[in-house]
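Peer 1: Next up is a structure, given as structure tokens.
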Amino acid sequence: MNNQVYDMIQARLKRICASEYEQAPKTRKGKLKSPLQYSETVEQLIELSSAVLDMSAKDAEHVCYEITHGSIQDAFLRANPNA
């Protein structure tokens, strides 16, 4: 269960970060105009991915529910899947 939740978190991180990168202002040459600041959702997912592997299966299941409902899921769904 823990590995499945970890993989789910990593997939969300990849999609959200790629979408935020694509939406960031860039120069004509395609370089970022300023350092990229990721959202608080990304920070939460990074913390969860570090902790989930050491959790009990019940806690991992709770985390799975948390990331598939609420603000994290909203950010995931708003992220551009083609980024």
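Going by numbering that gives the first Met the number 0, the residue at position 29 of the sequence shown is 28; the numbering climbs one at a time, nothing skipped. Note that the Cβ used here is the ideal one computed from N, Cα and C, for glycine as well.
When the Cα atoms are used, what is the spatial distance from N2 to S33?
Peer 2: Translated into positions along the sequence shown, residue 2 becomes position 3. Translated into positions along the sequence shown, residue 33 becomes position 34. Spanning the two alpha carbons is a distance of roughly 35 Å.
Peer 1: With a threshold of 16 other CB atoms inside 10 Å of the CB of T26, please say whether the residue is buried or exposed.
Peer 2: Against the sequence shown, residue 26 aligns to sequence position 27. Result: exposed.
Peer 1: Got a sec, what are the start and stop residues for the alpha helix (DSSP H) Y20 sits in?
Peer 2: As a working note, residue 20 is residue 21 in the sequence shown. Note, Y20: alpha helix (DSSP H), 1 to 22.
Peer 1: Which residues in the same chain have their Cβ closer than 8 Å to the Cβ of L12, if we skip the five residues on either side of it in sequence?
Peer 2: As a position in the sequence shown, residue 12 is number 13, starting the count at 1. Result list for L12: V41, L44, I45, S48, in chain order.
Peer 1: Rounding to the nearest angstrom, what Cα-Cα distance links Y37 and E19 in this structure?
Peer 2: The residue you call residue 37 lines up with position 38 of the sequence shown. The residue you call residue 19 lines up with position 20 of the sequence shown. Near 7 Å, if we compare the C-alpha coordinates of E19 and Y37.
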